[in-house]
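Protein sequence lines correspond, in order, to chains E and F.
Under our numbering, the very last position in the first sequence is 772; numbers go up by exactly one each time.
Under our numbering, the very last position in the second sequence is 277; numbers go up by exactly one each time.
Note that the Cβ used here is the ideal one computed from N, Cα and C, for glycine as well.
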Amino acid sequence: MTEPTTGRDAPILEVSDLNVTFRGGIKAVRGVSYRLNRGEILGIVGESGSGKSVTSLAVMGLLPEGTEISGSVRLHGKELIGAREEELTRLRGKSVSMIFQDPLSAFTPVYTIGDQIAEAVRIHQKVGKDQAARRAVELLDLVGIPRPDLRAKAFPHEFSGGMRQRAMIAMAIANDPDVLICDEPTTALDVTIQAQVLEVLKTAQRETGAGIVMITHDLGVVAGLADRVLVMYAGKPVETGTVEEIYYRPRQPYTMGLLASIPRMDRPTERLIPIEGNPPSPAALPPGCPFAPRCPLKVEACDDAEPELERIGTGGRMSACIRSHEIDLKGLDGATVYPVPEAPAQREERRPRAERETVLKVDDLVRHYPLMKGAVFKRQVGTVHAVDGISFDIAQGETLALVGESGCGKTTTLQQIMQLQAPQGGTVVVLGKDSAKLGKAERKELRRDLQIVFQDPMAALDPRMPVGDILAEPLRAHGYKDAKAVRARVAELLTLVGLAPEHAERYPQHFSGGQRQRIGIARALALEPKLIVLDEPVSALDVSIQAGVINLLEDLKARLGLSYLFVAHDLSVVRHLADRVAVMYLGKIAEIGAVDEVYGAPAHPYTRALLSAIPLPDPELERSRTRILLEGDLPSPADPPSGCRFRTRCPKRALLGEAEARKCDEVEPTVERLAPAGDHGAACHYPESTEAVAAPGV
Amino acid sequence: MRSKVTLARLARNPQARYGLLALVLLLALAYIGPFLGPYDWTDKDFMAFLSPPSADHWWGTTQIGQDVYAVTLRGMQKSIVIGFLVALVSTGLAALVGAAAGYFGGWVDKALMWGADLLLVLPSFLIIAIISPRLKGGSWLWFVLLLALFSWMITSRVVRSMTLSLREREFVLAARYMGIPGWKIILRHIVPNLSSLLIIDATINVSGAIIGEAALSFFGFGIQPPDVSLGTLIAAGSSKVTGYPWLFLFPAGLLVLLVLSVNLIGDGLRDALDPGSTK
């Protein structure tokens, strides 16, 4: 493995025993080795803090000064560690290119996209200015940017997120690199845009024949793209093998747990299996195997020494666990090894929906923002149609999920509900009370029953307050005067969400993301509300932690009889948690109905595209699926298309006759119930009635 | 945890260490020193007018026979009290006004910031100079209020802009959706989260206030006799600086040391509280 090999099969990039230690003795990467062959895609998977990004920065030589790097990184057999800076500069962008997560900060805002790509060409190739500019246009065309000759003259801020990421790919492949390192290239993008960008990435790889190192936490993305996978935990590789081996026959307990904890669209009813505990901090690693404290297969010998990667079976299969061979022999998998948390018993037999109380009713809600221009004399130049007439209701004990891509108006809807003020148009009725007709005291009283859990557990808790005070705040605001009663209730709440009462004295920064989200949930529960608004409650968490929080939400709902309004963009999580789902597009509801009906037989072309864009963590399914790729980006909500808002990107419209298509341009569809019996409606003139392509096996 | 990190960084910073040490020594001098000296600040030694420093009168005497050591320390006490009080009042005012303007927005914001702008364009020195002699009969605390009134505006603008971003943070939204009134949110969630800025600002205001007090007192607009402060002492001594330097050098030297030590601490705090600094 350490010997540089030559000849045709020689790896283009070979990393062996790479160690990175930051100032202060924090060991971020400990002994990573991998080799990348020409045309191969290697997925590096791990949760936040596992050292996957640091590994690639070390390969690029981009770590800050004062960082200790040891080991070897060979590009075509040439050592990069300890190479001079000028030499590395010559290689960066030519032989090795990198695609970053945030495409906005990767471009200089003051130069046009075309100029920046041309610059990348001219640094490494001796070509004239005109030729470089022509090459830039070619590259933009290759990554699928419409009208590349015009768009090359645009500035980065005039591009949408997806377009910028495409331009970033164009820049990265400008000099035909041998290695392309992608660091979470689609994490910041919506699913339909992610599907587009992944296609572009595949095209780019075909064109250049480069090897790709794909760093991501999304096991679905890796399943469809990668040939081989390297799983990292606590700065160390714990398992490596081909994508099929890793997904179908994981032999390391962490990988097994990770795969078992993902909510899957094709298996919605199964209980999620969380991995208990949190990843260790790189400053305080446990003795022995770093995963041992969370491992269900732990034996005493695990604490003795950290296991090294060992070969299992034949081929390039490696796993770092002393019990890997045993797992291999017995054929264990995550679902059998990890304790499956018990599903909560339903408190009472569910009455039919129509007989239950309606806790929230939103009717024709409108929220427009004026678009102002001018510094001294402001004048209105347009209107942003953030929410443009949406209606839905939630019955007691029900979870309604509001899904859609960024900019579709989910968050605005939620704010309108939470503010409990009269909306611009339409009505919001919470527990039978119209928000427009509330007095001050009534509004405060109603807030008891309507609580919210925020997306980012870091920002949602005041860093200057101990957890006990954070939980006591709503209690004190709503009339708990007795200090003893408050303390007792705080302890009760902490236990309810799976934390210990003595945690009340600590500050939020002492907790991990998942624990903080539990604190946020406890705060929302403090006043025994009837309806909780969940604003992307798990999207900021790692998968192994996410499963625990989703289970907690399910349990609480069953035990306390709560209703949820759940806002999310992750459709797999929605499938798992929700009873009904409303799909939003550009401030309108495109489709609404019971989860099984919407996921099983999506009627609106947008829902179909959305569902088909979600990557499944299953290599075979993922590769055999046909995707509905949407063209272009979300239109600006300041200038929505006439008629059906989705018509500009609709794949179905291309198949319609001219007269039929005209109806899409002229008449705006309203949500129509599809079948008199079912709970399913779609806002489309020509709804689909065939079986879904999106979720095979449902 | 955060405060521990800050303290550790502060202790590592040599400037702050020396500043803190110097300030503690100066405070000890001001408040313990008078008990050690042989004379009280009101005593007059009619046997020694304008005598140079000696074993009996450590820092010499004035032309009416006051012991310079005792009088200077008395003046320093006053200067220190005024400095800290002004800093406290002005930073507190800045925090409340800035946070209220930023949090409530709308006409509250407009009115408060208009007031701040108005105070900014007024010539503060002149106004204090005009008003303070009229308060002759009143307490020196009025003077503290006047000084504070003209030193909070810039900080309050900074506080306002920081509040604008804090206001959108989720923990503030959470409190609002809990039904907690605005002024409580300001006191409980916004001001504590600006504490690092406010601590630095208060420290720097101390030295500003001491200098401001000294400058006004020098021209006779500040502390009125028979009370003394470093400013009045410097004013009295400045005319005789060539012949009787001890009258001027001791108060002036102490003023420089005091302001310098407070500034060193302020700089050290800024470094310690700023996560981006590499010190």
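Query	Result
Residues in the stretch 550 to 569 of chain E having any Cβ partner in chain F nearer than 8 Å	Ala551 and His552
DSSP state of E/Cys758 mapped onto helix, strand, coil	coil
Delimiting residues of the alpha helix (DSSP H) encompassing E/Lys447	No alpha helix (DSSP H) holds E/Lys447; the beta strand (DSSP E) holding it covers Thr432 to Lys447.
Residues that F/Arg167 contacts on chain E, provided the C-beta gap is smaller than 7 Å	Ala533
Short CB-CB distance (under 8 Å) between E/Phe528 and chain F	yes
8 Å Cβ cutoff, F/Ile197 in contact with chain E	no
Close-in-space but distant-in-sequence residues of the same chain around E/Asp377 (CB under 7 Å, 5 per side omitted)	Pro361, Gly362 and Ala366
Assigned exposure category for E/Met288 - 16 Cβ within 10 Å defines buried	buried
Contact the stretch 534 to 549 of chain E vs the stretch 592 to 603 of chain E: 3+ CB pairs below 8 Å	yes
Members of the stretch 157 to 185 of chain F near chain E, C-beta cut-off 9 Å	Arg167, Glu168, Phe169, Val170, Leu171, Ala172, Ala173, Arg174, Tyr175, Met176, Gly177, Ile178, Pro179 and Lys182
E/Tyr659: first and last residue of the uninterrupted beta strand (DSSP E) it sits in	Arg654 to Tyr659
Contact with chain E by F/Asn11, beta-carbon distance below 8 Å	no
Short CB-CB distance (under 8 Å) between E/Lys310 and chain F	no
Spatially closest choice to E/Ala459 from E/Lys452, E/Ser465, E/Leu439 and E/Lys447, by CA coordinates	According to the sequence as given, residue 459 of chain E is His; it is not Ala. The shortest Cα separation from E/His459 among E/Lys452, E/Ser465, E/Leu439 and E/Lys447 belongs to E/Leu439.
7 Å Cβ cut-off: residues of chain F touching E/Lys518	Gly177
Closer than 8 Å to chain E by CB, F/His187	yes
Cβ separation of E/Gly235 and E/Leu87, assumed to be a contact under 8 Å, to the nearest whole Å	With 8 Å as the limit, E/Gly235 and E/Leu87 do not qualify as a contact, their Cβ atoms being about 29 Å apart.
Outcome for F/Leu267 when other beta-carbon atoms lying within 10 angstroms are tallied against a minimum of 16	buried
E/Pro327, enclosing alpha helix (DSSP H) - first and last residue	Pro327 to Ser335
Among E/Lys152, E/Ala132 and E/Gly140, nearest to E/Met774 - alpha-carbon criterion	Here chain E covers residues 75 to 772 and nothing more, so residue 774 of chain E does not appear.
E/Glu160 at chain F interface by Cβ criterion, 8 Å	no
Inter-residue Cα distance where the pair is E/Asp523 and E/Asp292	36 Å
Assigned exposure category for E/Ile702 - 16 Cβ within 10 Å defines buried	buried
Which listed residue (E/Leu149, E/Ile143, E/Ile118 and E/Ser107) has its alpha carbon closest to that of E/Ala84	E/Leu149
Cβ of E/Met492 within 8 Å of any chain F Cβ	yes
Supposed close pair E/Asp831, E/Ser480 - CB separation, criterion 8 Å	Residue 831 of chain E is absent from the model: chain E starts at 75 and stops at 772.
Within chain F, the residues that E/Asp536 reaches when beta carbons sit closer than 9 Å	Arg167, Phe169, Val170, Ala172, Ala173, Arg186, His187, Pro190 and Asn191
Beta-carbon proximity of F/Leu228 to F/Gly73, cut-off 8 Å	yes
Segments assigned alpha helix (DSSP H), at least 4 residues, entirely inside the stretch 115 to 161 of chain E	126 to 134
6 Å Cβ shell around F/Ala270 - same chain, five flanking residues per side excluded	Thr4, Arg7 and Leu8
Cut-off 8 Å between Cβ atoms - residues of its own chain near E/Arg261, not counting five sequence neighbours on either side	For the sequence presented, residue 261 of chain E should be read as Thr rather than Arg. For E/Thr261, where only same-chain residues beyond five positions count, the Cβ hits under 8 Å are Gln175, Thr290, His291 and Asp292.
Contacts that E/Arg521 makes with chain F (C-beta to C-beta distance below 7 Å)	Tyr175, Met176 and Gly177
Where the beta strand (DSSP E) through E/Ser171 begins and ends	Val170 to Ile173
Assigned exposure category for E/Thr764 - 16 Cβ within 10 Å defines buried	In this prediction, E/Thr764 has a pLDDT of 48, which is less than 50 and means its spatial position is unreliable; what the coordinates show is noted afterwards. Answer is exposed; the Cβ neighbour count stays below 16.
Distance CB(E/Leu263)-CB(E/Gln279) smaller than 8 Å	no
Reference E/Thr316, options E/His231, E/Arg391 and E/Asp753, closest by Cα	E/Arg391
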